[in-house]
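Numbering (full-length UniProt numbering), first residue to last: 1 to 93.
Where a beta carbon is used, it is the ideal one built from N, C-alpha and C, also for glycine.
For clarity, every value in this text was computed on a predicted model and none was experimentally measured.
Notes follow the structure.
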């Protein structure tokens, strides 16, 4: 009969086998792990309002970009037209 000298393992949340946290350091438990959040003290509504404000700013910027692109297209068409007209003129005039 063989005896195993490997430490006890527990299956973690991701399914991998690893040493049990209680065997490595009994003072650390999975409940003590805390995810830090920079907006920890803000309420959910405040965060939602900030997100909506930022989305509104993004939409406004996208609208301005589209307007500028339309103006750019107009100028390019005008320049192309003028260039074409210049090329059609006889050289001796």
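In this structure, does DSSP put residue i in helix, strand or coil?
i          : result
residue 89 : coil
residue 22 : Reliability of the predicted coordinates at residue 22 is poor, the pLDDT of 49 falling under 50, and the value obtained from them is presented with this limitation in mind. Reduced to three states, the DSSP call for residue 22 is helix.
Tell me whether residue i counts as near the ligand SAH, meaning its Cβ is closer than 8 Å to at least one heavy atom of that ligand.
i          : result
residue 73 : As far as ligands go, the structure on display features none, and thus does not contain the ligand SAH.
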